[in-house]
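In my numbering, the protein residues as written are 1468 to 1730. Using N, Cα and C, we set each Cβ at its ideal position, and we do this for glycine too.
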Ligand SMILES: N[C@@H](CCC(=O)N[C@@H](CS)C(=O)NCC(=O)O)C(=O)O
């Protein structure tokens, strides 16, 4: 195995796709350095990193030496191969989990339109969306540029910001499917697997997970919350919160565990 210190995860802090990648790496106690990707401003760097592909460039991206993994699914498979934790993609479930991944892609893309529309309507959320090191006063001054960047992001993903009712229907299909799969059970497929991580990531766009797992400003939290959906699927949010309690090792703890294992 190559040195863990060489692993770099390019990630968008608040993105549920990036959270999936962090989760699988932490679960498997694989150390990594996280490099923050900022949409619009970071586009050129990201495209260069990916060798200027024809299509859309997205994060998470995991780089380890010469290896560049360009989506959350490949990162999950990599972590399962290289890691030390219980398998998240056991061979007998992999095909079924892949189905969850593909359907979640459609539903979460619909959810993205709802969240971006809410963010564009909130000065507070726009200001909070800038990287942590940007001073408060500057955030306000930069607001028009941030709004421009958010519109650019909506075009990049071809989001229909006016058709939010249709987007909500698509997201609801995913929530109904999860409800049917769980029916009071702890796990989507009978044991903890990557299907649970995918499902939990879909719920980020309904009610974001607690701040101790992923810190969000109040404006961002409001923009990411869909009160009507939260009221319709409270048991899914409670399920997700429990899943985090049980299975989301604190990254610091996981990193320390790997350092100890290596020493
Ligand atoms: N299929 C990809 C989708 C990843 C994705 O959609 N990433 C978005 C999350 S919002 C992204 O990179 N956004 C940042 C950008 O486009 O600059 C995966 O599973 O990794």
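Proximity to residue 1501 across 1509, 1514 and 1480 peaks at 1480, based on C-alpha coordinates. Excluding sequence positions up to five before and after residue 1610, its CB lies within less than 7 angstroms of the CB of 1590, 1593 and 1594, all in the same chain and listed in chain order. With respect to residue 1667, residue 1707 sits close: the two C-beta atoms are nearer than 8 angstroms. By the 16-neighbour rule on beta-carbons within 10 angstroms, residue 1653 is exposed. Between ligand 1 and residue 1519, a heavy atom-to-CB distance of less than 7 angstroms is absent. A straight line joining the alpha-carbon of residue 1697 with that of residue 1673 spans about 6 angstroms.
Residue pairing of residue 1478 in beta bridges, as defined by DSSP: 1503. Three or more pairs of CB atoms, one per stretch, sit closer than 8 angstroms, so the stretch 1625 to 1641 contacts the stretch 1567 to 1587.
In its chain, beyond the 5 residues on either side, 1583, 1586, 1587 and 1593 have a beta carbon closer than 7 angstroms to the beta carbon of residue 1617. The continuous beta strand (DSSP E) containing residue 1531 extends over residues 1528 to 1531. Following the DSSP letters along the chain, one finds residue 1535 in no alpha helix (DSSP H) but inside the beta strand (DSSP E) bounded by residues 1534 to 1536.
Taking 4 residues as the shortest admissible run, the stretch 1590 to 1629 contains the following complete alpha helix (DSSP H) segments, listed from N- to C-terminal end: 1590 to 1595, 1603 to 1608 and 1610 to 1623. Assigned with DSSP and collapsed to three states, residue 1700 falls in coil, not helix or strand.
In this chain, residue 1556 is not harboured by any alpha helix (DSSP H), its DSSP state being neither H nor E. Per DSSP, the continuous alpha helix (DSSP H) segment holding residue 1494 begins and ends at 1483 to 1494.
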